[in-house]
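Residues -21 to -1, 1 to 366, numbered by mature numbering (1 follows the signal peptide of the UniProt record, and there is no 0), are exactly what the sequence shown covers, in order.
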Amino acid sequence: IISVWLHFLFAFGLFISNCFAEKYITSDVIFDERPIVPEFYISFPSRMLFEWVTPLILRGYKKPLTEKDCWQLSKSEQTVTVVHQVQNFMKDTKTSYEDKLSNDENRNLLTNMPIVDIKKSSSKQKKSAIFWHALFRTYRDKLIAGGLLRLAFDLAQLSGPMILKLVLNFFADSTKPIWLVLCRSFFQCQYLVGLRFRSAITGLVYRKSLKLSNSSKQETTTGELVNLMAIDASRFGEITTLIHFLWSGPLLIIITLVLLYRQMQWSIIPGVVLLFIMIPINLILQRMQKKLTYKQMIVKDQRIETMNEILNGIKVIKLYAWETAFIHSITRIRDEELGYIRQKTIIIAIANFIWTFTPILVGIATFATYILSSNENVLTADKAFVS
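Listed below in structure tokens is the structure:
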């Protein structure tokens, strides 16, 4: 009994100590007028409940936020540090890749085999392979941690109906706080990695643009570089969250179908058929959205390039009074871009409608099949809520 009480007191003391924040390392901070972001020196409850964001939200509610109202990033989150880390891994990856290639060439020389195909294929895939390998190798631990959080979130969310079945009389879902905390932790962890992805890609593209040769500058426009740093880098930042759906989605579908089969038996077949019917519709919508995005990027490159030419030659334009002609030119390009954006928005709205309406339609089809398939099938509150 004494050992149990001692263990309880030590555990309780450890919990109390975690409720107080630790001092952050001052050498890891670049000081200016703004305070450091409190994420790195907050207590455990504040980190789990995201209470440290509340002052910023209240400040933004009272008045418009300015740059001075926002926190400064720590040294580990700044673009200089992130780019330096990725570049170090790129150098290591490039060295190991070249060593492997030289070993393959030596092996082929010993066996009197041609190495032309090896050189061609390696030269085509070398740059992209090194970049992707270095980027994911830099934040491998964070991605794995996010994947584990996503797995725990999915399992906790799927366990809700089973626990709800046991506590249905109390009309309470006891697992909601669990999966809610796991969901927020997953998104916060992956958004942080996505921010580092974005900073690294933006910094690498900017450094590369400063080293472009004259021939490369003729092939690459300023609009393309701006889109790479502004649009494409943001898309890469979203990968860290969406990449886990490659395994989380099929896992959720399989477990959900198994649980539904245990409740409704073969009555789930119409609902499953409806889900499979929606797959090609979503694929068609995604392909249409992809084509419109590609056309929008082309027009956007043209608009940015035209704006740069106007700004560079503004004196000549003012001298010859060409403002109206260039205004019409920019307006025409912008109207074309807005047309693509408008079409893409309509497709996104249709996809969101299908996403929202499909579960309702599947539920109606499943419950109707269950009731009409046999007179013995009665839709009780137990089956309705759990399913």
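Glycine included, each C-beta is placed from N, C-alpha and C at the ideal position.
The DSSP-derived three-state label of Q57 is coil. Around the beta carbon of L271, 16 or more other beta carbons sit within 10 angstroms, so the residue counts as buried. Distance from the CA of W334 to the CA of T235, rounded to the nearest whole angstrom, comes to 17 Å. Spatial neighbours of V252 in its own chain (CB-CB distance under 7 Å, excluding positions within 5 residues in sequence) are not present. The closest CA to that of I15, considering only A(-11), S55 and E355, is found on S55.
The closest CA to that of I109, considering only Q66, G342 and D120, is found on Q66. Of the candidates G126, P338 and N354, P338 places its Cα closest to the Cα of F255. Under DSSP, I15 takes part in a beta bridge, and its partners are Q51. Less than 9 Å divides the Cβ of I283 from the Cβ of T200. Sixteen is the threshold: when 16 or more other Cβ atoms of the shown chains lie within 10 Å of the Cβ of V62, as they do, the residue is buried.
Judged by their CB atoms, T117 and Q169 are not nearer to each other than the 9 Å cut-off.
Listed in chain order, the beta strand (DSSP E) elements of length 3 or more contained wholly in the stretch 160 to 245 amount to none. A straight-line Cα-Cα distance of about 17 Å links W50 and K41.
Here E288 carries a helix assignment [DSSP, helix/strand/coil]. Exposure of L37 is indicated by the presence of fewer than 16 other C-beta atoms within 10 angstroms of its C-beta. L351: member of the alpha helix (DSSP H) spanning E302 to S352, first to last residue. Nearest neighbour of M27 by Cα position, chosen from E18, Q322 and N261, turns out to be E18.
With respect to F166, T220 sits close: the two C-beta atoms are nearer than 9 Å. Between the C-alpha atoms of R313 and L191 there is a straight-line separation of about 29 Å. As the crow flies, the alpha-carbon of E288 is around 29 Å from that of F215. Non-local C-beta neighbours of A124 in its own chain, meaning closer than 7 Å and more than five positions away in sequence, comprise C168, ordered along the chain.
Taking the CA atoms as reference points, I325 sits about 10 Å from Y319. Contact between K121 and V172 is confirmed by a C-beta separation of about 4 Å, below the 8 Å threshold.
For T33, the enclosing alpha helix (DSSP H) covers residues T33 to K41. Sequence-distant partners of L52 (beyond 5 residues in either direction) whose C-beta falls short of 7 Å from its own C-beta, in its chain, are V16. Bounds of the alpha helix (DSSP H) holding I296 are I293 to L298. The way I'd put it, the stretch 229 to 244 doesn't touch the stretch 203 to 218; fewer than three beta-carbon pairs between them come closer than 8 Å. Looking at the backbone, the Cα of A328 and that of Y299 are separated by about 46 Å. Beyond the five residues adjoining it in sequence on each side, S25 comes within less than 6 Å, by CB distance, of W31 in the same chain, given in chain order. Across the structure, M276 and E315 are spaced so that their CA atoms are roughly 11 Å apart. Annotation: the continuous alpha helix (DSSP H) that includes F23 extends over F23 to L28. Between H223 and R129, the CB-CB gap stays under 9 Å.
Under a 10 Å Cβ-count criterion, F176 is classified as buried, with 16 or more other Cβ atoms of the shown protein chains found around its own Cβ. Spatial neighbours of T72 in its own chain (CB-CB distance under 6 Å, excluding positions within 5 residues in sequence) are listed in chain order as I109, H112 and A113.
Separation of N331 and I248 (C-alpha to C-alpha, rounded to the nearest whole angstrom) is 24 Å.
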